[in-house]
Amino acid sequence: MAGTVACDYCGLPLAGRAVSLEPTGGLGPPRFCCLGCRFAASITASSGADGEARWMMTRLGLAIFFTMNVMVFTMLLWSQQEGAAADPSAGSRVFYDLARHACLLFTGPVLLLLGGPLVDDTLADLRRGRIGSSLLLLAGVAAAFGQSAWATWQGSGHVYFEVACMVLLAVTLGRWLEASGKLRTTSALRDLQKLLPDRVRVVTADGEVEVPLFGVRPGSRVRLLPGEHVPTDGRIVAGCGAIDERTVTGESVPVVKGPGDSLHSGTLDLDGELIVEVTAAPGAGTLERLIEAVTAAAAGGSRQQRLAERIAAWFLPLVLVVAVGSCAVHWWREGMAAGVLAGLAVVVVSCPCALGLATPLALWAAIGNAARRQVLVRDGDAFERLGSARAWCFDKTGTVTTGCRLSDVFLLPAAAAAGIRDDDDLLAVAGALARGSTHVHARALVDEAEARGLTTAAMIEVRTVPGRGIEARRAADGATVQLGSLRWIESLGGQGEIERARAFAADEPQSALAIDGRVIGCLWFAETLRPEAIPTVAALLARGVRPLILSGDRPERVARIADEIGVEWEAPLLPEGKLERIKALTGEGRGVVMVGDGINDAPSLAAADAGVALGCGADVSRWSADICLLRDDLSDLPWLADLAARTGRTIRWNLLWAFGYNAALVPLAAAGWVHPALAALAMLASSLFIVTSSLRLADGGAERPAPSAGAVDHLPRPPAPQALETAEAAGAHR
Amino acid sequence: MIEWPLLVASGLLGSAHCLGMCGPFALAIGSAAPAWRANLARQAAWSAGRLFTYAVLGGAAGFIGLRVSRALVGWTNVPAILAIAAGLLLVVQGLLAAGVIRRRGVAAGGCPGGGAFRALLTARGTLEVFLAGMFTGLLPCGLLYGMLALAAATHDVPRGLLTMVAFGAGTVPALLVAGLGGSILGLAARRHLHAIAAWCLVLTGCVSIARGAGFVHFGDATPAGCPLCSPEVTPEASP
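Residue numbers (the numbering used here), protein chains in the order written: chain F, 170 to 903; chain C, 28 to 266.
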């Protein structure tokens, strides 16, 4: 990922921060996005992976324990203050001294336990020539502790041990909370990364060696056993097996692959032992590129995030100025202690993290949640816009519909002479020819022939006529059989017969079959609606959204489909026409989502406020949409709309909170009306609010409704057709 | 004070409720110890951690009560109102626990510290177990909130602290036994005990309300005093 660097603890990008942009690649000094990550990482580094969470909690827990003790003794001191002033007896003096020494005793460990990361952070700031809040916090804590220790030693004067403890604890806890929140928002992507094995078996001339994944180079051969994930992109050299590709293509039906077929990294070899020639260096495979695309989307952030970051960049210096000013004023008017307390309260109570985290944390959580459901968001801005879009445009073919079926057959008088007595005879011949093609109409013919249980006729010399159809000779009698587009069959000399077929139905037939140059029959096909299309549209309508079909197909066909699912439609529209329409809708200011397939609809997907594509395929570099439904399932759309709307709401609330909180409490603290210990608690509460409200977006809805019956009852399909072949055959029936 | 035995009883009987919520923690702690003696030490450390948190919370509640009553020093009936408010809260919590009032479901948010807390529970060291107990003490619990209200009504740091220690001590035996020997009580028995505990809470609340009401000061009339703990007050004076 060019131009961004990730935090070495939580993995969040450090975009917008003043750091150099070359990736560390595990070398050089680690970089952290905040104090919390520095703290968490320092603990992780000091113990094994197993004990990391435990040791962190022990350290925090001990600090909390000592702070609680300090608080109890402080409360005792405070509650006795008035009584002690009235009764300067020896007993109350002894109690006073005891309580102060107890506070001193318990504060020391808190400083030792939590001070380290704050000191490190301050030093890091100073090395970069900056004065950050860490320095002021450290100075404030040191002043509070120093003054209190001196007062305890002297036996007179105020003590502020609770200030030192609470500030240190709340700052650490708050930052740690943010760090672990960030860690959780990225967990979905890390789970994906975990699909790749750490070590692979490389086959060499001498035998087999196990090497770390990153030791593999393109060209090496790797042995893959059943149940293992493909470590990086490659091509099968030997062996054959069923491959589960749902992680990268969303396809839930395993694909059988053999020698010569390519494999995507992250897919699962279900049952075969394979020798794979590596074609992509580790880190450049399909899955990694997929993760990178989503990471880049989150790194890019959104418009609101950039705005908040710009404000946060101003906010921090402003807080520092206010803190120093408030400290100076109170020092001058009421003495040093009051000045330090007021300044410290300002630094502690201000929550720039809330400002900086309000948007990215929510966006990250939502994008991660979507990724878990195999909805890949590549543009954070588009995702935010999707939540408020009021017009949803759908492409028809391949988006609202999936494939097609044979709807009608018309036999011409010439059929009898060619030995075709009825529809079944015609289908037996047509089905046999259609086997050689992957065009949707050809598949529909094969399906129909199989559904009717027909024995297809044997064919020889089958050949594809590019852009037109298929030609072969019947094995039984050597007759030439042609199946293809109407125009092709017409050009072979059969206009008269086809005119009769045109009179038979309102629609133009889509294909025709000819035997020995005579037209035998015409065929009509109807598109099949996706089973989830109707509930999806209903769900979108219930959300106050206006769905609309924009199609390049004939109006009567579009109307039939649109009426069935109950949406408005516009047809026929050329790709430029769709683009115009979307621009017009955008101009109306309603927010436009375009849902289509990623290849044919690329211009309209790019023009819409948010482009959603189905069936993007595994190669992320060829995606043109902002959001990709890997699973090819429309029922993800209402869920996505909800998630985007929730994300927008959460971001607005978070920002409102962050601004409102800071605007209310910073002036109060500057006026000296907020005790630093209370300020610390308020800051902690603010962080907690932002983190928990954002993390709520990371869960919920990840589990899907049960898939519709049609979606599961597939038989394993033959190996995926080559793109070229599909393109040829597509032309064949036009 | 009349409440002390009631407080311990609330804790003792409330254990039925604790077993439901905190019992699994006690079991998790026990599962990491091979011998029962080691387990006993762990259970004790865990309960000590809980009691420590309760004590600090009680002290803080007492301090808040003290500050409130001092801030409102011109107002005549502050201690009485605090006692009544605490009593009402206890009664509500009791009725909630008894199932007389139904609460709406609360949407669970993400807890970023959950994993780390689990790690502490099963840690080998006694210190970690003590800390785990400390964090357990912070778990939201209706029983606890009711008791904290009572601690606030003492408007005194040490007394608030002791209130919570008394309540916490009551919860120790059941959890200790549960952690040592698995569950001694079946689900049905726990349900019965839970109901009794809930009504015990309601009773404690009523006592607090009665005490508060006894101290309410109307104009020139002398306070009636507590009907339960002030034997010197004549019966005619009580409302």
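Backbone N, C-alpha and C fix where the C-beta goes; we use that ideal spot for every residue, glycine too.
Give me the chain F residues within the contact set of residue i, using Cβ-Cβ distance strictly less than 9 Å, ordered along the chain.
i                            : result
leucine 154 of chain C       : Thr227, Gly230, Leu231
phenylalanine 194 of chain C : Near phenylalanine 194 of chain C there are no residues of chain F at all, since even the closest Cβ is about 17 Å away, more than 9 Å.
methionine 174 of chain C    : By Cβ distance, chain F contributes nothing, its closest Cβ being about 17 Å from methionine 174 of chain C, past 9 Å.
phenylalanine 162 of chain C : Met226, Gly230, Ile233
leucine 278 of chain C       : Because chain C in this structure spans residues 28 to 266, residue 278 of chain C falls outside the shown range and cannot be described.
So which residues on chain F does residue i lean against when the C-beta distance must stay under 7 Å?
i                         : result
valine 83 of chain C      : Met237, Met240, Val241
methionine 191 of chain C : Those do not exist, as methionine 191 of chain C stays about 12 Å from chain F at its closest Cβ, beyond 7 Å.
leucine 177 of chain C    : Those within 7 Å of leucine 177 of chain C in chain F number zero; the least Cβ separation is about 17 Å.
Provide the residue span of the alpha helix (DSSP H) that contains residue i, from first to last.
i                        : result
serine 926 of chain F    : In this structure chain F extends from 170 to 903, so residue 926 of chain F is not present and cannot be described.
cysteine 409 of chain F  : From DSSP, cysteine 409 of chain F is part of no alpha helix (DSSP H); its letter is neither H nor E.
leucine 476 of chain F   : 472-503
glutamine 362 of chain F : 356-362
glutamine 323 of chain F : 302-323
threonine 80 of chain C  : 63-98
proline 428 of chain F   : No alpha helix (DSSP H) contains proline 428 of chain F, which DSSP labels as neither H nor E.
proline 451 of chain F   : Proline 451 of chain F -> no alpha helix (DSSP H), and no H or E assigned at all.
valine 417 of chain F    : 415-418
threonine 633 of chain F : No alpha helix (DSSP H) holds threonine 633 of chain F; the beta strand (DSSP E) holding it covers 628-634.
leucine 166 of chain C   : Neither: leucine 166 of chain C is in no alpha helix (DSSP H) and is coded neither H nor E.
arginine 386 of chain F  : Unbroken run through arginine 386 of chain F: none, as it is neither H nor E.
threonine 705 of chain F : 702-711
proline 716 of chain F   : First-last for proline 716 of chain F: 715-719, but that is the beta strand (DSSP E), not the alpha helix (DSSP H).
valine 127 of chain C    : Per DSSP, valine 127 of chain C belongs to no alpha helix (DSSP H) and is neither H nor E.
glutamate 696 of chain F : Segment 687-698 is the beta strand (DSSP E) holding glutamate 696 of chain F; no alpha helix (DSSP H) there.
Under 6 Å from any heavy atom of the ligand MN, does the C-beta of residue i make it?
i                      : result
glycine 556 of chain F : With respect to the ligand MN, the structure shown offers nothing to examine, as it has no ligands at all.
Can you name the residues of chain F whose CB is closer than 8 Å to the CB of residue i?
i                     : result
valine 184 of chain C : Val241, Met244, Leu245, Ser248
Looking at C-alpha atoms only, which residue of the options is the closest neighbour of residue i?
i                         : options                                : result
alanine 849 of chain F    : F:Val445, F:Val518, F:Val491, F:Tyr265 : F:Val518
alanine 514 of chain F    : F:Thr528, F:Val332, F:Ile639           : F:Val332
cysteine 409 of chain F   : F:Leu393, F:Leu394, F:Leu443           : F:Leu443
glycine 556 of chain F    : F:Glu739, F:Val241, F:Leu806           : F:Leu806
leucine 165 of chain C    : F:Ile233, F:Ser389, F:Gly298           : F:Ile233
glutamine 250 of chain F  : C:Leu117, C:Leu93, C:Val118, C:Trp31   : C:Leu93
glycine 85 of chain C     : F:Leu245, F:Asp811, F:Arg541, F:Gly230 : F:Leu245
aspartate 646 of chain F  : F:Ala851, F:Asp685, F:Ala511, F:Leu595 : F:Asp685
leucine 122 of chain C    : C:Gly232, C:Gly195, C:Ala237           : C:Gly232
asparagine 823 of chain F : F:Ile859, F:Ala832, F:Ser431           : F:Ile859
alanine 584 of chain F    : F:Leu595, F:Arg574, F:Thr464           : F:Leu595
leucine 274 of chain F    : F:Gly309, F:Phe235, F:Arg472, F:Pro529 : F:Phe235
leucine 54 of chain C     : C:Gln120, C:Ala87, C:Ala159, C:Leu39   : C:Ala159
aspartate 766 of chain F  : F:Asp801, F:Trp738, F:Glu749, F:Ala776 : F:Asp801
methionine 505 of chain F : F:Gly817, F:Ala313, F:Val422, F:Leu812 : F:Ala313
serine 58 of chain C      : C:Leu171, C:Arg151, C:Ala98, C:Gln120  : C:Arg151
isoleucine 639 of chain F : F:Ala627, F:Thr624, F:Trp657           : F:Trp657
Locate the beta strand (DSSP E) running through residue i, then write down its first and last residues.
i                         : result
serine 680 of chain F     : 680-684
proline 381 of chain F    : 376-381
glutamine 651 of chain F  : 649-654
alanine 867 of chain F    : Note, alanine 867 of chain F: premise wrong, no beta strand (DSSP E); not H, not E.
tryptophan 738 of chain F : 737-739
glycine 817 of chain F    : First-last for glycine 817 of chain F: 805-839, but that is the alpha helix (DSSP H), not the beta strand (DSSP E).
arginine 640 of chain F   : Here the sequence assigns glutamate to residue 640 of chain F, which means arginine is not the residue at that position. It spans 638-643 - the beta strand (DSSP E) in which glutamate 640 of chain F sits, taken as one unbroken run.
- request: Can you give me, in chain order, the residues of the region 85-97 of chain C that have a beta carbon less than 7 Å from any beta carbon in chain F?
  value: Hits within the stretch, in order: Gly86, Ala87, Phe90, Leu93.
query: Where in the region 551-606 of chain F do unbroken runs of the alpha helix (DSSP H), each at least 4 residues long, occur, reported from the N-terminal end onward?
result: Listed in chain order, the complete alpha helix (DSSP H) runs (minimum 4 residues) inside the region 551-606 of chain F are 583-586, 592-603.
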